[in-house]
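To start, the structure itself, in structure tokens.
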Amino acid sequence: MFKKGDFILLAGIAAAIIAGILLQFAGKESAGHHKVAVIRQGDTVLHTIDLDAVKEQRRIQIDGDYHNTILVENGRIRYELSDCPDKVCVKTGWLDKPSLTAACLPNRTIVKVTGENDELDVRIR
-12 MFKKGDFILL AGIAAAIIAG ILLQFAGKES AGHHKVAVIR QGDTVLHTID LDAVKEQRRI
48 QIDGDYHNTI LVENGRIRYE LSDCPDKVCV KTGWLDKPSL TAACLPNRTI VKVTGENDEL
108 DVRIR
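Here it is in structure tokens:
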């Protein structure tokens, strides 16, 4: 059936896979990027928030054709309430990783989480 060399080969492949997984997680932690949320309405940036620096929960009201309430906590952000017709924005839930996005198209608002920490205009503490 299996020879000694087969077991050595399988052990080497398993070790390489485990090392790759560990390096991937270690790389994310050591990258040092803060999670930054950018809130836009149309072409205008309303808020840029360093999510890792948030100390207390905060709500942000956005008015327009409809009204959105955005909830900000340490490390995450979400649409909490909206009076738009379909409420897809609220159903999206928490955004807590870079590249996640939620939008309220009727109110033309977008919340996007990035992994960068460039030129913050609002620091919520």
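In the numbering used here, the protein residues as written are -12 to 112. Just so you know, even glycine gets a beta-carbon here, dropped at the ideal spot from N, CA and C.
DSSP beta-bridge partners of LEU58: ARG46 and ARG65
LEU38 and ILE5 closer than 8 angstroms at C-beta: no
Alpha carbon of GLY(-1) to alpha carbon of GLN11, nearest angstrom: Between the alpha carbons of GLY(-1) and GLN11 lies a distance of about 18 angstroms.
First and last residue of the uninterrupted alpha helix (DSSP H) at VAL75: 75 to 78
Own chain, CB closer than 7 angstroms to VAL32, minus 5 neighbours either side, in chain order: VAL25
Host beta strand (DSSP E) of VAL32 (start-end): 31 to 37
Segment contact, 8 angstroms Cβ cut-off, at least three pairs: the stretch 90 to 101 with the stretch 67 to 81: yes
Beta-carbon separation (whole angstroms), ASP30 vs HIS54, contact threshold 8 angstroms: In fact, because the Cβ distance is near 20 angstroms, the residues do not count as touching under 8 angstroms.
Pick from ASP52, ALA2, GLY7 and ILE36 that is closest to LEU82, judged by C-alpha positions: ILE36
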